[in-house]
Structures are given as C-alpha cells and as structure tokens.
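S.K.: Chains as they are written, first to last, in my numbering: chain A, 1380 to 1578; chain B, 1380 to 1578.
First, the structure itself, so that you have it in front of you.
2 protein chains.
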Amino acid sequence: MVRPEETGGGSAPARGREATRARILESARELFTSEGYGAVSSRMIAAHAGVNVALINRYFGAKRGLLTEILREDGVFPGLIEGDPDTLTRRLAEHAVGRLHGEGTPLQRALDHSSGDPDLQAVYQGRLKSAMLEPLSAYLGGEHAPVHASLVAAVLLGLTRVRLIEGATALRAHDRERLTDRVQALLDLCLEEFEADGG
Amino acid sequence: MVRPEETGGGSAPARGREATRARILESARELFTSEGYGAVSSRMIAAHAGVNVALINRYFGAKRGLLTEILREDGVFPGLIEGDPDTLTRRLAEHAVGRLHGEGTPLQRALDHSSGDPDLQAVYQGRLKSAMLEPLSAYLGGEHAPVHASLVAAVLLGLTRVRLIEGATALRAHDRERLTDRVQALLDLCLEEFEADGG
DNA sequence: GGTATAGGTAAACGCTGTTGACCTGTCAAA
DNA sequence: TTTGACAGGTCAACAGCGTTTACCTATACC
C-alpha cells in the first residue's frame, strides 16, 4: 500500500502521521525550552501533545530522537563558521561571551542548563562534531587544522561549562568588551600555526 | 545512647556502622571505576558490598552521596595549584594534556567518560569550585583574579570535554610536546593582566 | 530480666523509557 | 458490496531506576 502523504499528488495533507509527528515535536520543543530536557518525561510530552506515549517511540525511535530532530532543525551551533575569515574569531568570541550572559535562543539556554543529561550530551556531541569541528577544520585547512579546531572548540565549550558552574555573572558593558577581547585573543592563539616541525 | 565507635576508648572497632559504610564505599569506588557512574545502580553496589540497598541511602543520603564522598577522598583535582607559581601553567597544561591521553587514575578516567550524568556533573561542579576556581583565584590575587581563574578553568574543562567528543587520539611524543606548549601559552594568556581600565 | 536502640532487611512506592498486543477507520481490490 | 490489508492510534504491561517505609534482630545498658 502507498501512504497518501507520500504520493505525489495527495490532496489531503495527511491528517494523521505528519500532523501528529509535528504536534509531538512542537510539544517537545516547548517543554524542553521551559523545563529542560531531563525534567521532561515522555509521558509529559505525549500528554501535552494530546497523543499516546507510544507514538513518541513509534515516530522518533526514542526520547533522544526528539532531541536529535529538534537540534537538527534549530541548529545548536548556527552558522558562525561561514563568513569573513578575518572576523571569525571575533564572531566566535562574541557568541561565546553572549552565551556566558545567557543570550541565545530560549531553547539554547534551557539546554545549556540541562547539559548534564547523557542523552543531551550524546546528541550535542554529534552536533558539535558535524557543525563545529569538521567545518572549522575544513575552513582552516592545513596539516594541523584538526588540532586548531579542537583547541577552538575547547575554549568555547569550556566557557559555556564554566558559566554553568559559576552562574551567569552579569558583566558591565566595558568589562564584557574586555572579556570578549581576551577570548578572541585566546582563539587567535588557538589558530596560530604550530612552528615548523623540527624533528 | 552512645555509639561504641564514637566513644574514645572503644575496644571493638565497630563491626557494624563504620565497617559497613566502608564496605559500601569501597564497592562503589570499584564499580564506578570499572563501569562508570551512570552504569552502576544502587542495587549493584549493595549486592557487591553484600548489604541491603537501603543502607546506601541510610549512610550516604543518596547515590550521589557516595560520589561526593569518593571525590572528597580522592580529589578529582589534585593539588596542582600549590607549588612554584612560575611553573603553574606548565603543570596545568601537562595535567590537561595528560588527561587528553587518558592518563590519570582509573577512577578519573572512568568518571571523565561518564561525565554526562547529572549527579556527577553536580558533584564535579562543586569540587571544581572548591578545588580549582577558588584556590586559583586566591592564588592569583588581584582585582581580576576570578575572571582569570574562570578562563583557566574554561580552557582546562574544554579540553577534557573535547576529548570526550573526539576520543583520545594518541599523539606522537613531539606533537604532544607542541600541544602542551600551546595549551600552556593559552593558560598564560588567560592569566595576563587586563590592561588598565581606561573608562 | 526488661527494654531502648543501632544495625540491618524486605518489600513496596512512584517514577522512568520502552514495547508488544490489540483496536479502528480508511482505502484498494475482487 | 464485500473482503482484506494496513496505517494510525491506544492500552497495558515490562524491566529498571532511586528512594522510603515498616519491620525484624541482636546488642548494650539500667
């Protein structure tokens, strides 16, 4: 049998599968944003979406699948890599310091706070690899590009993590500016070529 | 009533409370080391220690309490802060790069790998604050000491985290040396004084 | 000897993510 | 028109988790 919503000339846009899937996804997004990931159970999502719990696993494999899908759509690490190479580290530094101040989308903020969850960690790591390390490495080029990319990622991730420990301490504008400068300097140092191999 | 093991001149060294507590703690340490934190359940620990599950919560409040106790004893962040200030960043860099290579105690390695768990994250954060940020900040002194300490911690944490994503990539000796140098340079930059406030 | 109590146990509680069996309505073919 | 297949959905259960409550038992004191 051919499912109606998969036929090219379908008239009714699938009242069932796609609509339900979307409703679940939207509920999950809302709840993850307001409550965090770990604090939201499958049953909560199902209830919010007005569907049965089993559908979550039917459509998304597992609770983690919801997260993967949401992060795939929203993009945890928006396109910072593209753009003028000369201002790359500036953009990254501003993004990082911005995150230090709890900026970013509400979803980003929520997920940063529930970053302890193993599911989230796993998905995040996948995203980080494909949306940060690999493109950055390709963007940089050169023999040591992977190491450079790793160092940059380390600084950025570390900042986010420290923020979770210390809490978001609001800086005055010019302190923030200085911090951004410093972070940019760190990133620049990360990208500096390793000296020519002596051995 | 006065508990025997708490009286100064007790003869039998408490076959009960303390011994049982220690047995639970040792079982937990072993299992956490070999399996990670999240993969070990309260019942597994209890079974391994030959005691009832309820005793874990009786003696340690919760599963997390075991972790807190173990990390308190072993010290996740051994005394790197003390010692010659001139070689501080070198020591930290070597420690960090060592961790990149999966060095450190087996327990450290295991916990690094299961660092996704919320419990572990919470306990780690507490330890990091009291064993890293605060002493480092005190050690450095000066107006901007907390910011410097945060930046240092960010670099160190970030490196650990990136390692989890990329896996431990074994570096050749001289590459490792170069990486250590680079990390040290990053840390030095973290500690550089902010230029005098112009505004 | 009687009794308070520390130490220990068994069984449950409420929750989690996940799964398999079942129902139901629609749509295609005979 | 009847029949059958099947997608979409529901219900109830599973196995596991951390934790808690009620109970038992042996020891140590009065």
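Virtual Cβ for every residue (Gly too), placed ideally from N, Cα, C.
May I have the straight-line CA-CA distance separating B/E1513 from B/P1464, to the nearest angstrom?
M.R.: B/E1513 and B/P1464: Cα-Cα distance of roughly 16 Å.
S.K.: Tell me the start and end of each unbroken alpha helix (DSSP H) in the stretch 1426-1461 of chain B that is at least 4 residues and wholly inside, in chain order.
M.R.: Counting only runs of 4 or more, we get 1433-1439, 1442-1453.
S.K.: Give a yes or no on contact between the stretch 1469-1488 of chain A and the stretch 1421-1435 of chain A, applying the rule of three or more CB pairs nearer than 8 Å.
M.R.: Flag = no, the stretch 1469-1488 of chain A and the stretch 1421-1435 of chain A do not touch.
S.K.: So if I threshold CB-CB distances at 8 Å, which residues from the stretch 1521-1540 of chain B count as touching chain A?
M.R.: Going along the stretch 1521-1540 of chain B in chain order, one finds V1526, S1529, L1530, A1532, A1533, V1534, L1535, L1536, G1537, L1538, R1540 with a Cβ nearer than 8 Å to chain A.
S.K.: How about A/Q1504: is its C-beta nearer than 8 Å to some C-beta of chain B?
M.R.: Yes, its Cβ sits closer than 8 Å to a Cβ of chain B.
S.K.: Would A/V1534 and A/L1566 be called neighbours here (beta carbons separated by less than 8 Å)?
M.R.: Yes, the Cβ-Cβ distance between A/V1534 and A/L1566 is below 8 Å.
S.K.: Grab me the residues of A/L1558's own chain with a C-beta within less than 6 Å of its C-beta, minus the 5 sequence neighbours each way, in chain order.
M.R.: The answer, listed in chain order, is V1476.
S.K.: Please tell me whether A/T1412 and A/R1478 are closer than 8 Å, where the distance is taken between their beta carbons.
M.R.: The answer is no: Cβ separation not under 8 Å.
S.K.: Quick check on A/S1493: does DSSP put it in helix, strand or coil?
M.R.: Residue state, collapsed to three classes: coil.
S.K.: For the candidate residues A/L1507, A/S1421, A/L1515, A/L1543, whose alpha-carbon lies nearest to that of A/I1460?
M.R.: Ranking the options by Cα distance to A/I1460, first place goes to A/L1515.
S.K.: Excluding sequence positions up to five away, which residues of its chain have a Cβ less than 7 Å from the Cβ of B/R1555?
M.R.: The residues are V1476.
S.K.: Please classify B/H1553 as buried or exposed, where buried requires at least 16 other C-beta atoms within 10 Å of its C-beta.
M.R.: Exposed, by the Cβ-count rule.
S.K.: Could you tell me which chain B residues have their CB closer than 9 Å to the CB of A/F1411, listed as they occur along the chain?
M.R.: Those within 9 Å of A/F1411 in chain B number zero; the least Cβ separation is about 15 Å.
S.K.: According to DSSP, is B/L1550 part of a helix, a strand, or is it coil?
M.R.: B/L1550 falls in the coil class under three-state DSSP.
S.K.: How long is the line joining the alpha carbons of A/G1483 and A/T1548, rounded to whole angstroms?
M.R.: Answer to the nearest angstrom: the Cα atoms are 16 Å apart.
S.K.: Can you tell me the Cα-Cα spacing of A/R1551 and A/R1400, whole angstroms?
M.R.: If I take the Cα positions, the gap works out to 44 Å.
S.K.: Identify whether A/F1573 lies in helix, strand or coil by the three-state DSSP scheme.
M.R.: If DSSP states are grouped into helix, strand and coil, A/F1573 belongs with coil.
S.K.: What residues in the stretch 1439-1468 of chain A bring their beta carbon closer than 9 Å to a beta carbon of chain B?
M.R.: Within the stretch 1439-1468 of chain A, no residue qualifies.
S.K.: So, at 6 Å on beta carbons, what are the nonlocal neighbours of A/A1528 in its own chain, with the 5 sequence-adjacent residues on each side left out?
M.R.: Counting only Cβ-Cβ distances below 6 Å, and skipping sequence neighbours, we find L1512, L1515, S1516.
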